[in-house]
Structure formats: structure tokens, C-alpha cells
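In what follows, a single structure is set out as C-alpha cells and then discussed.
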Amino acid sequence: MRTSGSHERYTLSDHLLQIGVVAGAIVIVLGLGGGIYYGLAAHNIPINFAFLWQKSGLHLTEGLTLNWSEGLSLQDFNSNDSNMQALILGLYNTLKVALIGIVFSTLLGLLVGAGRVSQNWMLNRVALGFVDLIRNTPLLIQLFFWYFAVILQLPALRSASVFYGAIASRQGLYIPSIIIEPAWPFFWWAVLISLALLVLVFAVAGRGKRRVPCLVIMGLVILGWLSAMLSLGKPLQMDFPVASRFRASGGIAFSPEFAAILLALVVYTAAFIAEIVRGSIESITNRQWMAAFALGLKRWQAMVYVILPQAFRILIPPLVNQYLNLAKNTSLAIAIGFPDLFNIYGTIANQTGRSMEGILIVMVAYLLLNWLISLLMNIYNRRLLAKGLR
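If you read the sequence shown in this note's numbering, its first letter stands for residue 58, the second for the next number, and so on.
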């Protein structure tokens, strides 16, 4: 911890040293960039991004791209779209895998991490075995396992079983979707009003000495929704997938490649998150447990209400690193043919010969994605720390 006198240690020479390091890094980057530019120019290969607007001729069936001819909108990709739109589709697929993977890997990591500190011997050993196996196996090998040994070994679509409306087959995974009825145009207004009321109730309840139980609040919201649906009709309808001989209609479809890369990333990242959770929980002093037990809390109540809120302040910084690793590891999807950003870049580079421009675009895209994840998590971490100091 710095004292008031510690600030006097930063002398003019220290500031000059910092400026020199930054300036040196800038000079190195500019020097490398200039060397690449003039080296390409010497071989009559100038830097040119005009290829982005050329017709791609690619046949990409998974993902969406931007259409700016009639205003910005998302649409399916066709072979007449440009290389820029193909890269946008790849970025869309990369974001989809990264965001969904972050959510599910966090949930699985929390569960496995809780198992690592459980007093149940069997649960603890299973969680330990899971962590040791996954962390010590290369991610690429796990990706091949999920794709070739699991996904592609599922039954064909025509003979696949239906489990609660979901269908798992080697042609893909299909789950039910929710359709908003056109007769309920004010559905989203109702959602916004409900969320606003929920936030307001929590804010008001949090200022008092006694908090309104969460279950009571959720019960009131659900009761209100049921009353609205009974009086005004059903605003939501479930669309279940229906399998035919070669394809399924309805619901939400996930390709085998998407399912494999998502499973591999979720399981792999969850193993590392579990160890972060375990270390964060074990870093909390035993006096916190004893104080919780003295108040009459059970072990799971002490974990949820006393230990985890303190552990979250410790695990957020290393958790950010795992999120960044997950986002970068999406590039391994090229190994199984999933059309992510890196895969589509490789195809376009082979067709146009513009590998340098393409890799610059990919580097900037991954840099911005990781910067955004880091920024959001740092904002959350600062608010969490500020809340703990109040």
C-alpha cells in the first residue's frame, strides 16, 4: 500500500524512462510496418483493400451478414455478396461462439469449482478428475473428439430421437424456438415495463432495513404475465423442430461444426474457471465460514450469501483472462470447417492473394473483440469493488 511519501519516488528520470519505452515500442511497430510495406512494394505487391468489395463467390450457409444496400440489416449470405460481407459473416459466427461460450463456460466452471470445495468425497473427486483431464489435454484434440467421436456418431436425422422437443443428429442439433405473435405488437413494451418495475422494486427494497424476498418479486411478475396472457391471448408460441428424411424444419438449428466448437470451448474453459473459483473460495478465511455458521446458516447458504460474494472480487481479474482465451481459441474452428472469421479469411486470401491485408483485418477484429471483453469486465470489476467499499 502506497503512503503519501511513496509518490515522491517518481522522479523526472522515471517519467522519461516510461516515455522512452513507449516511444521505442512505437518506433519498432512503425519500423516493422514500414519494412513490410516497402518489401511488398519491391515485389510489386502494394497494400490494397479494394478486394473487399469484389464478389466473393462463396457458398456460406451458416451465419448472417450485413446488407447496407437498403439500410443496415442482417440477412443470409449468398454468393453474389462481397468479400467484406463474407468477413462480417465470419465475425458474426465468431461472436456467436464466443458470447455463448462465455456464458455456458462460466456456469459450468462455477458448478465444477463448487464441487472442488465440496465436502462430498465423490463429488470432489469427480470434479478433480474432470479438471485434471481437461486441463492436461490439448484443446485441438478435444475439438476433434467432440466433432468426430461424438457429434458425427449421432444417429441420422430420420432416426434421431426427440427429447423435450430437441433433436440431436449428425446433421445438426435442433431446439425449440419462441415466436412472438404479430397480434401482440406491444410485447416488447410489456417486457421493458416489467424489467423497469423489477429494477425499481429491487432498488427500493435494497434501501430499507428488510429486503423484499426475490421469490415474492418473481412471483408477482409471473402472476402479472399469466394474467396478461389469459386476458389478451398468448403473446408467445413455441416452434418445435420437425424432422424429415434429410432436414428439419422449425426451431433453431445448429450445425455439427458449431456444436463441436462450442462444446470444446465450454468444457475446456470451464476447467480453468473451476480452478479459479476453487482458489478464490479457499482464499476466504475460515472465520467467514465460522461467522456464517454462528448466524445459523447452512453450508450452502453460507456459500451463496457469504463466501461467493467475497470470492467474486478475487476471481474476476483471472476470469477475464479465460474469457479472452476463449475468444481467441475460436480460431481453432478452422480445423473442422466452421465458417468463423479466421476460416473465411483463409479462403478469401487464397482466392485474392491478399493475405497481408486479410491478416491485418483479422488481427484488428480479434484485438477489438478482446479489448471490448476486457473493458466490460473491468467496468464490472470496478463497480464490484466500489460496492464492497461502501
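Every residue, glycine too, gets a C-beta built ideally from N, C-alpha and C.
- Going by CA-CA distance only, name the one from ARG173, LEU117, LEU372, LEU214 that's closest to PHE303. LEU214
- Query: Going by other Cβ atoms of all chains shown within 10 Å of its Cβ, with 16 needed for buried, is LYS266 buried or exposed?
  - Reply: The predicted position of LYS266 is uncertain, since its pLDDT is 46 and thus under 50; no value can be drawn from it.
- With DSSP collapsed to three states, give me the class of PHE311. strand
- Rounded separation between VAL160 and ALA321 - CA only: 14 Å
- Residue range of the unbroken alpha helix (DSSP H) whose run includes GLY88: 69-99
- Do you know how far the Cα of ALA80 is from the Cα of ARG440? 33 Å
- Go to ILE232, then tell me how far its beta strand (DSSP E) extends in each direction, as first and last residue. 229-232
- Cβ contact check for the region 333-342 and the region 167-185: 3 or more pairs under 8 Å: yes
- Task: Taking only the alpha-carbon atoms, compute the straight-line gap between GLU332 and ASN181 and give it to the nearest angstrom.
- Result: 12 Å
- Message: Whole angstroms are fine: how far does the CA of ASN382 sit from the CA of ARG464?
- Response: Absent from the model: residue 464. The displayed extent of the chain is 58 to 447, so no value can be given.
- I think VAL188 touches ALA328, with their Cβ atoms under 8 Å apart; what is that distance to the nearest whole Å? 5 Å
- Classify ARG411 as buried or exposed, calling it buried when 16 or more other Cβ atoms lie within 10 Å of its own Cβ. buried
- Message: Under DSSP, the alpha helix (DSSP H) around ALA184 begins and ends at which residues?
- Response: 178-192
- Query: Terminal residues of the continuous alpha helix (DSSP H) containing LEU146?
  - Reply: 140-173
- Query: Can the beta-carbon of THR387 be found less than 9 Å from the beta-carbon of ASN140?
  - Reply: no
- Task: Quick one: grab the DSSP three-state call for SER126.
- Result: strand
- Message: Restricting to Cα atoms, I'd like to know which of ALA392, ASN435, MET434 is closest to TYR204.
- Response: ALA392
- Message: Out of LEU148, SER126, LEU117, which one is the CA nearest neighbour of ASP133?
- Response: LEU117
- Task: Would you kindly check if the distance between the Cβ of LEU146 and the Cβ of PRO396 is under 9 Å?
- Result: yes
- Query: With 16 as the cutoff for other CB atoms within 10 Å, does THR151 come out buried or exposed?
  - Reply: buried
- Item | Environment of PRO374 [buried if 16+ CB atoms lie within 10 Å] | exposed
- Task: For the beta strand (DSSP E) holding ALA225, just list the boundary residues, first then last.
- Result: 223-226
- Query: Does the separation of the CB atoms of LEU451 and MET413 fall below 9 Å?
  - Reply: No answer is possible for residue 451: the residues shown for the chain start at 58 and end at 447.
- Query: Looking only at its own chain, which residues have a Cβ that is under 8 Å from the Cβ of ILE104, when we skip the five neighbours before and after it?
  - Reply: TYR94, LEU97, MET413, GLU414
- Task: Would you tell me roughly how many angstroms separate the C-alpha atoms of LEU319 and TYR402, rounded to the nearest one?
- Result: 20 Å
- Message: Can you tell me whether LYS385 is helix, strand or coil according to DSSP?
- Response: helix
- Return the chain-ordered list of same chain residues with a C-beta closer than 6 Å to the C-beta of GLU314, the five sequence neighbours on each side being excluded. ILE393, GLY394, PHE395
- Query: CA-CA distance, PHE108 and ALA143?
  - Reply: 12 Å
- Item | Cut-off 8 Å between Cβ atoms - residues of its own chain near ILE235, not counting five sequence neighbours on either side | LEU293, GLN294, MET295, ASP296
- Query: Using a Cβ-Cβ cut-off of 6 Å (strictly less than) and excluding sequence neighbours within five positions of THR122, which residues of its own chain qualify?
  - Reply: PHE134, GLN142, ILE145, LEU146
- Query: Which partner residues of VAL419 appear in the DSSP bridge assignment?
  - Reply: BP columns for VAL419 are empty, so no partner.
- Look at the Cβ atom of VAL219, then the Cβ atom of ALA300, and state whether they are nearer than 9 Å. yes
- Message: Need the endpoints of the alpha helix (DSSP H) that ALA462 sits in, please.
- Response: Any property of residue 462 remains undetermined from this structure, which presents the chain solely from 58 to 447.
- Secondary structure of ALA305, DSSP reduced to three states: strand
- Query: Looking at LEU230 and ALA99, is the spacing between their C-beta atoms short of 9 Å?
  - Reply: no
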